[in-house]
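For reference, the structure is listed below as structure tokens.
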Amino acid sequence: RERPVVAIDGPAGAGKSTMAAHLARRFGFLNLETGAMYRALALKAIDNDLDFADADEMLQLATRTTIKLEPQLEGNRVLLDGVDVSRRVRDGDVTAAASKISVHPPIRVWMVDQQRALGNSGGVVMEGRDIGTVVFPDAEVKIFLDAAPEVRGNRRYKQTGSDDAKVTEESLVKELKERDERDRNRADSPLKPADDAVILDSTGLTLEQVLEKAETIVREHL
Ligand code: C5P
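My numbering puts the first residue of the sequence shown at 253, with every later residue one more than the last.
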């Protein structure tokens, strides 16, 4: 590869998307949010009233689904069978469903194949849970971005500025923890840093400091 693959992994709400968008802009790479693919498939399962726990049913669904990620300045536009679902996939029901369908090995294979095709020629920042461990174990740059759950929940709370009174900071922290538990404990491609990943804990850092560190890491590996 002439241009690198930059893999960014870590738990929910650590700031991976912000980091990916920033690095992509800085270095002229494409940013690809792999979580959006799991979210899009989960949305289709919800719309078709299917059972997230049924791996076969989910794979059947995937084989008749087209998901496209269009990198933007901030994040990705997500097209599900040609329809823009970028906003809808961020809703709580889709978030929870994405977490559940992502445990199924055949679904992961289906996703990983497409993600490899998207990133293979390099010049990409790919963000998710298994990029450095499974999708691109040979990525030129690997960052594992972490932060304490309370900090991630608090940042997410401030950033969503939810007008839904039921969404409290506490409920967000709880939701993040549940998703992380599922990601960390699944048998296939559990969330964990690759052996050769640089671990970046943003707990006591400002956004500017985190982005600065990430930029330095990428530069060192170019
Ligand atoms: O990153 P995001 O929160 O959008 O991802 C949604 C869900 O998709 C995560 O909770 C995780 O379970 C799953 N996911 C995954 N592997 C990835 C990206 C996301 O299992 N590479």
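From the three backbone atoms N, C-alpha and C, an ideal C-beta is built for every residue, glycine too.
Note that the coordinates shown come from a computational prediction; the quantities given were computed from them, not determined experimentally.
Asked                                                                                                                                                              : Found
How about the stretch 436 to 455 and the stretch 382 to 391: do they share at least three Cβ pairs that are nearer than 8 Å?                                       : yes
Distance check for Leu302 and Asp308, CA to CA, integer angstroms please.                                                                                          : 11 Å
Classify Lys394 as helix, strand or coil using the three-state DSSP reduction.                                                                                     : strand
By how many angstroms is the C-alpha of Gly371 removed from the C-alpha of Val246?                                                                                 : Residue 246 lies beyond the stretch modelled for the chain, which goes from 253 to 474, so this question has no answer here.
Would you check whether the ligand C5P has a heavy atom nearer than 7 Å to the C-beta of Gly334?                                                                   : no
State the DSSP-derived secondary structure class of Ala446, mapped to helix, strand or coil.                                                                       : coil
I'd like to know if the stretch 354 to 369 and the stretch 260 to 270 are in contact, where contact means that at least 3 CB-CB pairs between them fall below 8 Å. : no
Alpha carbons only, please: which of Val341, Arg339, Ala276 and Lys268 is nearest the one belonging to Arg471?                                                     : Ala276
Rounded to a whole number of angstroms, what is the C-alpha to C-alpha distance between Leu331 and Ser351?                                                         : 19 Å
How many Å lie between Leu325 and Val462 at the Cα?                                                                                                                : 19 Å
Quick check: the Cα distance between Glu433 and Arg291, rounded to an integer number of angstroms?                                                                 : 18 Å
For the alpha helix (DSSP H) that Ile319 lies in, which residues bound it at each end?                                                                             : That residue, Ile319, is in no alpha helix (DSSP H); its beta strand (DSSP E) goes Ile319 to Pro323.
Just how far apart, CA to CA, sit Lys465 and Asn300?                                                                                                               : 43 Å
Please name the residue in Trp362, Asp336, His274 and Ser423 whose C-alpha comes closest to that of Leu311.                                                        : Trp362
To the nearest angstrom, report how far apart Lys426 and Glu254 are at their CA atoms.                                                                             : 42 Å
Considering only the alpha carbon of each residue, which of Lys268, Val257, Arg278 and Thr315 lies closest to Glu467?                                              : Arg278
According to DSSP, simplified to helix, strand and coil, what is Val361?                                                                                           : helix
Does the beta carbon of Ile260 fall short of 7 Å from some heavy atom of the ligand C5P?                                                                           : no
Specify the secondary structure class of Gly380 as computed by DSSP and reduced to three states.                                                                   : strand
Leu293 and Ala272 - do their beta-carbons sit closer together than 8 Å?                                                                                            : no
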